[in-house]
Amino acid sequence: MNKNLVKITAFINEHHVMSLASSVDNELSVCSLFYAFDANKLSFVVASSEDTLHISHIKNSPQVAGNILLETKEVGKIQGLQFRGEMFRLEDKELKALYFKNFPYALALLPKLWQIKVHYFKMTDNKLGFGKKIIFEDASL
Numbered sequence: 014m015n016k017n018l019v020k021i022t023a024f025i026n027e028h029h030v031m032s033l034a035s036s037v038d039n040e041l042s043v044c045s046l047f048y049a050f051d052a053n054k055l056s057f058v059v060a061s062s063e064d065t066l067h068i069s070h071i072k073n074s075p076q077v078a079g080n081i082l083l084e085t086k087e088v089g090k091i092q093g094l095q096f097r098g099e100m101f102r103l104e105d106k107e108l109k110a111l112y113f114k115n116f117p118y119a120l121a122l123l124p125k126l127w128q129i130k131v132h133y134f135k136m137t138d139n140k141l142g143f144g145k146k147i148i149f150e151d152a153s154l
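Numbering (my numbering), first residue to last: 14 to 154.
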């Protein structure tokens, strides 16, 4: 696995909530979502109801952007991840199993699951030096 993706995956695995942004025309939406992540498939799995604004957006335009961050006031510890990708209804059974392994209580709610296939990551990691950026782009695109 690419060394930048290894660092990014380690950060992702330390957290479980993302902010996700979507838009259609001039209408914007941002939400917070619990996630599971599969580094081999470069995919997040999230649960969200059909009647949300962000899901209505992705039905018209699947492009999304998001972030995951470590909340801290200590400049030397700042870490954050930005990503871009496409979001669509989850069909992959392995990813579905991953989500319920991470959030077994969610199974009782029978949530609608969605996949975010990531194309681009940019991580800021001040532990490696002030403003240090780690970039990963999916070479298969």
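For every residue, glycine included, the Cβ atom is placed at its ideal position computed from N, Cα and C.
(message) In whole angstroms, give me the CA-to-CA distance for ILE81 and LYS130.
(response) Spanning the two alpha carbons is a distance of roughly 16 Å.
(message) Counting beta carbon pairs with one atom in the stretch 140–149 and one in the stretch 119–130, are three or more of them shorter than 8 Å?
(response) No contact exists between the stretch 119–130 and the stretch 140–149.
(request) Could you tell me which of SER42, PHE50, SER35 sits nearest to GLU27, measuring between CA atoms? (result) Checked all of SER42, PHE50, SER35; the closest Cα to GLU27 is PHE50.
(request) Return yes when the Cβ of LEU33 is within less than 9 Å of the Cβ of MET100, no when it is not. (result) Against a cut-off of 9 Å, the Cβ pair of LEU33 and MET100 comes out as a contact.
(message) Is ILE71 close to chain D? Criterion is C-beta to C-beta, closer than 9 Å.
(response) No chain D appears in the structure shown, which is made up of a single protein chain.
(request) Find the nearest neighbour of ASP52 within the set ASN139, ALA23, ASN73, CYS44, judged by alpha-carbon distance. (result) Note that residue 52 is Ala in the sequence shown, not Asp. Of the listed residues, the one whose Cα sits closest to ALA52 is ALA23.
(request) Determine, using beta carbons only, whether LEU126 and VAL58 come nearer to each other than 9 Å. (result) Cβ atoms of LEU126 and VAL58: closer than 9 Å.
(request) Measuring alpha carbon to alpha carbon, tell me which of GLU40, VAL37, SER45, ASN39 ends up nearest MET31. (result) For the residues GLU40, VAL37, SER45, ASN39, the minimum Cα distance to MET31 belongs to SER45.
(request) Spell out the partners DSSP gives ASP138 in its beta bridges. (result) In the DSSP output, where bridge partners are listed per residue, ASP138 has GLN92.
(request) In angstroms with no decimal places, state the Cα-to-Cα distance between LEU18 and PHE134. (result) Roughly 9 Å separates the two Cα atoms.
(request) From the DSSP output, in three-state form, read off HIS29 for me. (result) In the structure shown, HIS29 falls within a coil segment according to DSSP collapsed to helix, strand and coil.
(message) As an exercise, report each continuous alpha helix (DSSP H) stretch of at least 4 residues that is fully enclosed by the stretch 64–124, in chain order.
(response) Taken in chain order, the whole alpha helix (DSSP H) runs of length 4 or more contained in the stretch 64–124 are 66–73, 106–115.
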